[in-house]
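To start, the structure itself, in structure tokens.
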Amino acid sequence: MRYLLRRLVWMAAALLGVSVLIFLLVRLLPGTIIDILAGTEGQLSREQRLQILHSFGLDRPLPVQYVLWAWNLLHGNLGWSFRTSQPVAPLLVSRLPVTVELAMLSAACVTLLGLPLGIVASVTRSVRLKGFVQVVGLLGLSIPNFWIALALIILASYAFRWGPALIYVPPWQDPWVNAQQMFLPVLSLALGLAAVVLRMTRSSMLEVLGQEYVKVARAKGLAGRTVLMRHALRNALIPIVTVLGLQTGFLLGGVVINEEIFGLPGLGWTLLNGVYQRDYPVVQGAVMLFAATFVMINLLVDLAYTYLDPRIRFQ
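Under UniProt numbering, the sequence shown has 237 at position 237, and the numbering climbs by one with no breaks.
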């Protein structure tokens, strides 16, 4: 319990730091919402500019703006969008299902691709298979996510006459159309992360398979599959789970990029549009939601250690 409380304090401190950084960074971007409105509504007079700044609260000192925003954030109020004059919280909630679907499917593909291939690479004696797995791992680590996404779009458009959908269809409306829409975004996001999990699984399994207790289990006549799955894999999972937790940040970043490339109206797409339009409340709210998700997943990863290895006790 003491460890959990300490971790919660550190999580709060991390979120506080993120809130300060994102609040300052969005205001360092060139141009403001005034410039965006001036471009769409023609020239604005000085009085109109001052009136807009006052209505958005941007005429106050930065410390005052931050304190007001942070106070509202603590009470669940993310503010109002500069562009639509709508509450930010319902907007982000409406975009959340797309991002959750993309992230969950990608995480599942990462696990289903990375873990089995890493296990096979650690136990196989085939030089060709080992070389293939190592090449795949290096390519996945070397090629940027956005390049994979663009390459898949070009390949699909030439080979199958397929292009990104103009309108997102939820899975509960038409599962088949939704599966077609999500296949390439999930694949492009999962390939790079699966390569990281593959290499970590292979190295961790090789280390565990060389331990004495594994050799003793084999000497006692236990089946190879039993030794591999019950004794080796479970002890090798701790560094693998750690890597999966750390890859959450890359997964969330990849979600932002893929939603923009494939036109999926999720949190990442909303975040980037908020940046383009200098919609500070939308950007700040989306980033805080991503940050809270990241720290929560890493907390769950730490708590999972005690399940994977009962010898671990947090003090």
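Backbone N, C-alpha and C define an ideal beta-carbon position, used for all residues, glycine too.
C-beta contact flag for residue i and residue j at 8 angstroms
i	j	result
Val208	Ala232	yes
Phe262	Leu184	yes
Leu251	Leu193	yes
Val255	Leu25	no
Ser122	Leu206	yes
Ala89	Leu78	yes
Gly57	Gln65	yes
Ile34	Leu53	yes
Thr270	Leu91	yes
Ser204	Ala159	no
Val295	Met11	yes
Gly268	Leu191	no
Range covered by the alpha helix (DSSP H) that runs through residue i
i	result
Gln65	Leu62 to Leu74
residue 329	Shown here, the chain extends from 1 to 315; a query on residue 329 therefore has no answer.
Val169	Val169 -> no alpha helix (DSSP H), and no H or E assigned at all.
Ser45	Taken as a continuous stretch (DSSP letters only), Ser45 belongs to no alpha helix (DSSP H), as it is neither H nor E.
Gly192	Pro175 to Leu209
Under the three-state DSSP convention, the category residue i falls into
i	result
Pro87	strand
Trp147	helix
Arg10	The sequence shown places Trp at residue 10, rather than the Arg named in the question. Helix, per DSSP.
Trp80	strand
Pro265	coil
Ser19	helix
Asp35	helix
residue 316	The displayed coordinates of the chain run from 1 to 315. Any statement about residue 316 would go beyond what the structure contains.
Arg125	coil
Lys220	coil
Arg2	helix
Arg161	coil
Gly57	coil
Ser278	For the sequence presented, residue 278 should be read as Arg rather than Ser. Arg278: coil per DSSP, three-state reduction.
Leu102	helix
Pro239	helix
Pro30	coil
Cβ neighbours of residue i in the same chain (closer than 6 angstroms, five flanking residues each side left out)
i	result
Leu115	Thr201
Leu68	none
Leu189	Ser106, Gly254 and Asn258
Leu113	Ala194
Pro171	Asn178
Val275	Val283
CB contact below 8 angstroms: residue i versus chain C
i	result
Leu78	Of the chains in the structure shown, none is chain C; there is only one protein chain.
Same chain, Cβ closer than 7 angstroms to residue i, five either side skipped, listed in chain order
i	result
Pro265	Arg95, Val98 and Tyr168
Leu5	none
Leu117	Val133 and Leu198
Leu272	Val256 and Glu260
Val110	Ala190, Leu193, Ala194 and Val197
Residues of its chain near residue i, where Cβ-Cβ distance is below 8 angstroms and the 5 sequence neighbours each way are ignored
i	result
Leu129	Val120 and Ala121
Val243	Val196, Val197 and Met200
Asn72	Leu78 and Gly79
Glu47	none
Arg27	Leu62 and Tyr280
Gly249	Phe294
Ser142	none
Leu138	Ala195
Thr32	Leu58 and Arg278
Next item on the list: Flag this pair as touching only if the region 273-289 and the region 80-93 have three or more C-beta atom pairs under 8 angstroms; answer yes or no.
Entry: yes
Next item on the list: Could you tell me whether the region 294-303 touches the region 118-138, where touching means 3 or more Cβ pairs closer than 8 angstroms?
Entry: no
Margin query: Under 8 angstroms: do the region 210-221 and the region 146-165 share three or more Cβ pairs, one atom per stretch?
Written below: no
Checklist line | contact_flag[the region 3-23, the region 284-293] where n(CB pairs < 8 angstroms) is 3 or more | finding: yes
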